[in-house]
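Below is one structure; the comments refer to it alone.
Residue numbers (our numbering): 101 to 497.
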């Protein structure tokens, strides 16, 4: 969904799964950090006399339309509290929810009525943000995911945790591409704590969160754990990989290769930087890598002219095709490990208006490798800001 964001005085570029912090090139990305009025916390330590906050769990709902698109949960904003739902997005840094000023453009979402909140405060001038990926599996074209935003501070509450006077944004206008959303907004959960999470970390919550994103077909309820790890949600032990020191606010790891059904090729053996984005539904790769993977699955997978950047296959062929895609990484202990996307993820459903041609899970997005829900929903993931690492464990889903 939201992936990285670029911020200028009047514009920001975001990934619907990654806030539009500037997307980071594979060589040595230098993601942009959006500066809010809230304090950013990275690897924070706390005085021994500070009472630690207990970890909190929040159930997440699954937005499903042929495939799992987004996982979102409840928050509240203002005094008295007004209820909203947001995607917890590891690809971005900030919280955005609709304002009553958005009017009919935000008619499908709940809108924050700032006139009814005693803690509302405007902190700057309006800006604009655009996303590099959207809520679903369709590629973003013609800059069609754009928000107009007003910076404010407000009281934010999530899973019993409260952050007073915290920087966030109100959506005052949005493009029609957001109309399909079943949730109201986005809460960024980048590798540098900011906004709500920075506030509760400052109060004593450990600077770590965990995600149990589940496939709709499993019947399991997804969950976000703030400040801890829910060991009941996975089997075996967690394997951690270090986030590169130059990553800034972007959750990313270095992959040493890709295999398709256990086989690699020259194009797949290269080292690449992989962004992990809980707000992106599928997988984004450069054209050379995407087509090398598809070549290892079936010659029937071809570029789909109706939606540039996507690929399709006859729906009737999907069930019989082995399509196991594995990304290899190096753990913090120096051993290689793989994260695998099962064959069941090959198709994300028929293209709009189609019944015979199904869209495949990888879209072309040059210069960046982004892993989203297609992989993350098969692992328990731990996002450790203090130690700058991501952990993974099998859920059996």
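Heads up, the beta-carbon is just placed ideally off N, CA and C, and yes, glycines get one too.
Other residues of its chain near residue i: CB distance less than 6 Å, five sequence neighbours each side excluded
i, result
"residue 388", "367"
"residue 488", "343"
"residue 144", "Reliability of the predicted coordinates at residue 144 is poor, the pLDDT of 46 falling under 50, and no value is obtained from them."
"residue 305", "153, 327"
"residue 265", "253"
"residue 463", "239, 384, 409, 410"
"residue 313", "171, 322, 476, 477"
"residue 359", "426"
"residue 167", "448, 449"
"residue 188", "287, 289, 324"
"residue 337", "none"
"residue 51", "No answer is possible for residue 51: the residues shown for the chain start at 101 and end at 497."
"residue 209", "198, 284"
Own chain, CB closer than 8 Å to residue i, minus 5 neighbours either side, in chain order
i, result
"residue 249", "112, 196, 226, 227, 228, 229, 269, 270, 271, 272"
"residue 451", "404, 406, 407, 410, 412, 457, 458, 459"
DSSP beta-bridge partners of residue i
i, result
"residue 317", "The partner list for residue 317 (beta bridge, DSSP) is empty, contrary to what the question assumes."
"residue 415", "Answer by DSSP bridge pairing: none, since residue 415 is not bridged."
"residue 457", "414"
"residue 489", "342, 484"
"residue 261", "258"
"residue 228", "248"
"residue 326", "156, 309"
"residue 494", "479"
Terminal residues of the beta strand (DSSP E) in which residue i lies
i, result
"residue 359", "352-360"
"residue 384", "383-385"
"residue 310", "308-312"
"residue 475", "Segment 473-476 is the alpha helix (DSSP H) holding residue 475; no beta strand (DSSP E) there."
"residue 422", "From DSSP, residue 422 is part of no beta strand (DSSP E); its letter is neither H nor E."
"residue 158", "156-164"
"residue 171", "168-177"
"residue 463", "462-464"
"residue 196", "195-198"
"residue 289", "Note, residue 289: premise wrong, no beta strand (DSSP E); not H, not E."
"residue 441", "436-441"
"residue 188", "182-189"
"residue 447", "447-450"
"residue 210", "Segment: none, residue 210 is in no beta strand (DSSP E) and carries neither H nor E."
"residue 363", "Segment: none, residue 363 is in no beta strand (DSSP E) and carries neither H nor E."
"residue 373", "372-376"
Buried versus exposed, by CB contacts within 10 Å (16 or more), residue i
i, result
"residue 370", "exposed"
"residue 298", "buried"
"residue 466", "exposed"
"residue 171", "buried"
"residue 501", "The chain is shown only over 101 to 497; residue 501 falls outside these bounds and no answer can be derived."
"residue 213", "exposed"
"residue 481", "buried"
"residue 361", "exposed"
"residue 333", "buried"
"residue 246", "buried"
"residue 419", "exposed"
"residue 472", "buried"
"residue 260", "exposed"
"residue 285", "buried"
"residue 198", "buried"
"residue 455", "exposed"
"residue 374", "buried"
"residue 381", "buried"
"residue 204", "exposed"
First through last residue of the alpha helix (DSSP H) which encompasses residue i
i, result
"residue 297", "295-302"
Same chain, Cβ closer than 7 Å to residue i, neighbours up to 5 away in sequence not counted
i, result
"residue 202", "211, 271, 272, 273, 274"
"residue 391", "none"
"residue 181", "257"
"residue 329", "310, 482"
"residue 160", "171, 172, 173, 322, 323, 324"
"residue 206", "198, 271, 274"
"residue 155", "325, 326, 327, 328"
Beta-carbon separation (whole angstroms), residue i vs residue j, contact threshold 8 Å
i, j, result
"residue 492", "residue 339", "6 Å"
"residue 424", "residue 402", "Not confirmed; about 21 Å, so no contact."
"residue 378", "residue 495", "Contact doesn't hold; Cβ gap of about 15 Å is too wide."
"residue 185", "residue 283", "4 Å"
"residue 435", "residue 355", "The Cβ separation is near 15 Å, so there is no contact."
"residue 223", "residue 251", "5 Å"
"residue 255", "residue 178", "6 Å"
"residue 176", "residue 165", "Their Cβ separation, rounded to whole angstroms, is 27 Å, which puts residue 176 and residue 165 out of contact at 8 Å."
Residue i Cβ short of 6 Å to the ligand PLP heavy atom set
i, result
"residue 446", "Questions concerning the ligand PLP fall outside what the structure shown contains, since it holds no ligand whatsoever."
Test: residue i CB closer than 7 Å to a CB of chain D
i, result
"residue 259", "Protein chain content of the structure displayed is limited to a single chain, and chain D is not contained in it."
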